[in-house]
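Colleague: Numbering of the sequence shown is given in the numbering used here, commencing with residue -3 and proceeding in unit increments.
Don't be surprised by glycine CBs; every beta carbon is placed ideally from N, CA and C.
Dumping the structure here so I can ask a few things about it.
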Amino acid sequence: MEMTRDPAGPAILGNRVELQLLTTLRCNLKCSYCSLGVGDVLGSQRNVTYSLDALDAFIATHLNGHEIYVTFYGGEPTLNPDLMIEVMQRHPGFRFQLQTNGTLLDGLPDWVLARLSNVLVSIDGGEQVTDGYRGRGIYQRVLKNVGAVRERVGGTLTARVTWSDEDTSFEELDQLRRYFDYVYFQFVARDGAYAPAAMAKKRAVMAQLVQRFFAAETLYPFIPIMGTVRNKVLPSRAREPYSGLTQCRASTHMLNVMPDGKIYPCPDLMYLPEMLQGDVAGNWLKRSPLQPHPDMPCEGCAAFAYCRRNCMKNLHLAYVKGDAAYRRNVVEPICDLVRFLGEEVDRHDPHAWFERMPLSVRNEVADCAVYEYVEVMP
Ligand code: SF4
Ligand code: SF4
């Protein structure tokens, strides 16, 4: 059983490690659902206080031999471009990703954009919903910036949609393909977002997305659908890159480094002292404390083979911390939607689809690099 792993074993499971550097906790937007708002994390640490020499020593001590990729995260990392630039200059052999709200993207130097393997741009679906959460004019500004940098970004541009609003439509999600190489969506972790009418609307939109995925002769680049198909057709790919644990990497190889150098497995749980996993300044690291627990229901779930414990934060809060309201109003509805996604994929016979697709589409479904940068499941 995966939950009986030796806690004294290696801190990082697998060969790769993602260093998610929170370069500042400042942000120039005030998204109403921001998860860093929980526990007053947002804005609490304005600038990085560990030295980059200390970071190098930490990397040499704990990450030696691993393939390292860095995600610049925040707050809004483009508010602190100097730190990004210095890390990129010190470690030209690493892979780099930027997670951004997109508003300042066009101000980054060309060589920085050219070295980014992926840019994750936060957006909430359509214009009305995005501007409702993020502020007037933000949707157009972000898409304009994405258009301005598209040719200059060396890697891919991925829309990161927090699917929060019940009125987000298929057309609004579908049209993001025009601006981005990939679309990733994740269900918002907010009480009140999953009333029966909202669930019905989300199911209807997901059914349309899945229908569209299987109707296309080319790749329909929606990561949660691609990932679900991958996991059903090539089930070992749902386990190998994550040592059999969650696909979001929080249990195995994602280190969220706060500006003060403290390390946590999940960026949404940095307010819980028991989640502390290491410290750059103190140069120590242990295995992620965010691990499967016997009280979590996943191993008896019909979706387990492809979902692999979607979000460990949600499972931990609901089943280990015992937050019954959160479980009922957020976690169980999201699990219902994940099972629905799998059922919709099954209705289209993913194995037969995979067999008839051209090699280029099969390769993308099997090996898309963006799987390494997002949670894969919604
Ligand atoms: S759908 Fe929910 S219960 Fe099922 S495996 Fe995923 S996270 Fe676990
Ligand atoms: S999907 Fe993973 S990283 Fe994201 S909130 Fe959940 S546990 Fe944290």
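Which residues bound the beta strand (DSSP E) around E14?
Modeller: Residues 12 to 18.
Colleague: Around the C-beta of E167, are 16 or more other C-beta atoms found within 10 angstroms, so that it is buried, or is it exposed?
Modeller: The residue is exposed, with fewer than 16 neighbouring Cβ atoms inside 10 Å.
Colleague: Figure out for me which residue from Y302, A314, Q243 has the closest Cα to the Cα of P293.
Modeller: P293 has its Cα closest to that of A314, out of Y302, A314, Q243.
Colleague: How is M250 classed by DSSP in three states: helix, strand or coil?
Modeller: Looking at M250 - three-state DSSP - the assignment turns out to be strand.
Colleague: Let me check you understand the geometry: is the CB of V334 closer than 6 Å to at least one non-hydrogen atom of ligand 1?
Modeller: Result yes, Cβ under 6 Å from ligand 1.
Colleague: Could you check the C-alpha separation between D2 and G257 for me, to the nearest Å?
Modeller: Bear in mind that the predicted position of D2 carries a pLDDT of just 47, short of 50, making it unreliable; the figure below should be weighed with that in mind. In a straight line, the C-alpha of D2 is about 26 Å away from that of G257.
Colleague: Between the Cα of T375 and the Cα atoms of M373, P374, Y369, which residue gives the shortest distance?
Modeller: For the chain, the structure presents residues -3 to 374; residue 375 sits outside this window and is missing.
Colleague: Excluding the five sequence neighbours on either side, which residues of its own chain have a C-beta within less than 8 Å of the C-beta of L297, listed in chain order?
Modeller: Residue 297 is actually Cys in this sequence, not Leu. So the qualifying residues of the chain are C303, C331, R335.
Colleague: Quick one: Cα of G318 to Cα of L268, how far?
Modeller: In a straight line, the C-alpha of G318 is about 15 Å away from that of L268.
Colleague: Is the CB-CB distance between F90 and I119 below 7 Å?
Modeller: No.
Colleague: Hey, Q182 and T214: beta-carbon distance below 7 Å or not?
Modeller: Taking 7 Å as the Cβ cut-off, Q182 and T214 do not qualify as a contacting pair.
Colleague: Considering only DSSP beta bridges, list what W159 is partnered with.
Modeller: Partner(s): F183.
Colleague: Check whether the region 49 to 57 touches the region 91 to 102, counting contact only when three or more Cβ pairs, one atom from each stretch, lie closer than 8 Å.
Modeller: Cβ pair count under 8 Å is below three, so no.
Colleague: Checking 7 Å against the spacing of the C-beta atoms, do I219 and V366 come in under that value?
Modeller: In this structure, V366 lies closer than 7 Å to I219 by Cβ.
Colleague: Compute every distance between the C-beta of C294 and the non-hydrogen atoms of ligand 2, then say whether any falls below 6 Å.
Modeller: No, Cβ of C294 sits at least 6 Å from all heavy atoms of ligand 2.
Colleague: Quick check: V445 and V341, are their CB atoms within less than 7 Å of each other?
Modeller: The requested residue 445 does not occur in the structure, where the chain is confined to residues -3 to 374.
Colleague: Quick one: which unbroken beta strand (DSSP E) runs of 3-plus residues sit fully inside the region 40 to 119? Chain order, please.
Modeller: As far as the region 40 to 119 is concerned, its whole beta strand (DSSP E) runs of at least 3 residues are 63 to 69, 91 to 96, 112 to 119.
Colleague: Under 6 Å from any heavy atom of ligand 2, does the C-beta of E371 make it?
Modeller: Correct: E371 has its Cβ closer than 6 Å to ligand 2.
Colleague: Would you check if the region 3 to 22 and the region 72 to 91 touch, i.e. whether three or more CB-CB distances between them fall below 8 Å?
Modeller: Verdict: yes, contact present.
Colleague: Can you look up F176 in the DSSP assignment and give me helix, strand or coil?
Modeller: Coil.
Colleague: DSSP three-state call for I8: helix, strand or coil?
Modeller: Coil at I8, not helix or strand.
Colleague: Note down the Cα distance separating M250 from L286, rounded to an integer number of angstroms.
Modeller: Whole-angstrom Cα-Cα distance: 11 Å.
Colleague: Roughly how many angstroms separate the alpha carbons of Q243 and Y69, rounded to a whole number?
Modeller: When rounded, the distance between both Cα atoms is 19 Å.
Colleague: Quick one, which of G5, A299, V115, R233 has its alpha-carbon nearest N97's?
Modeller: Here the closest residue by C-alpha is V115.
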